[in-house]
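Student: Position 92 (the sequence shown) corresponds to 310 in this note's numbering; numbering is contiguous.
All C-beta atoms in this analysis are idealised placements derived from N, C-alpha and C, irrespective of residue type, glycine included.
Since the model is a prediction, treat every value here as computed from it, not as a measurement.
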Amino acid sequence: MLRGDEFDATTLTVYGLAVDYSKIITIESGKRSGKPCIRGLRITAYDVLDYLASGMTHEEILRDLPYLTEEDIQACLAFAADRERRTSFVAGETPVR
């Protein structure tokens, strides 16, 4: 069992809610150049994150992309949080873009 501040490769637990993105975020070398996609669809986790960053609400995303679910959006957020947690920078170095 994971505490709220622990992670594993596929599960993010925050505020007592466990989000397992391993069955939702998929990577296929021949699809979208191997970028992480949602359930094998051609929409990437980055696409959803970009929509959220631009100010779209979950409801707006689901209305514009009706084949997505709230769980898909949560999986994108969990995937990004887990990926960010694994990213480290050396003090004084400029992050790679």
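1. Tell me which same chain residues have a C-beta within less than 8 Å of the C-beta of T244, skipping the five on either side of it?
2. Does the beta-carbon distance from L280 to E289 come in below 8 Å?
3. Based on DSSP bridge pairs, tell me the residues matched to I243.
4. If I'm right that L267 touches A298 with Cβ under 8 Å, what's the distance once you round it to whole angstroms?
5. Once the 5 residues before and after H276 are set aside, which same chain residues still bring their CB inside 7 Å of it?
Tutor: Here's the rundown:
1. Counting from one through the sequence shown, the residue named residue 244 turns up at place 26. So the list reads P254, C255, I256, R257, G258, once near-sequence residues are dropped.
2. As a working mapping, residue 280 is identified with position 62 in the sequence shown. As a working mapping, residue 289 is identified with position 71 in the sequence shown. It is not a contact, given that the beta carbons lie outside the stated cut-off.
3. For the purposes of this step, residue 243 is taken as residue 25 along the sequence shown, with counting starting at 1. Answer by DSSP bridge pairing, in chain order: I256.
4. Taking the sequence shown and counting its residues from 1, the one referred to as residue 267 is at position 49. Taking the sequence shown and counting its residues from 1, the one referred to as residue 298 is at position 80. That belief holds up - the Cβ atoms of L267 and A298 are roughly 6 Å apart, short of 8 Å.
5. Position 58 of the sequence shown, counted from the first residue, corresponds to residue 276. Scanning its chain for C-beta atoms nearer than 7 Å, with the 5 sequence neighbours on each side dropped, one finds around H276 the residues E288, I291, in chain order.
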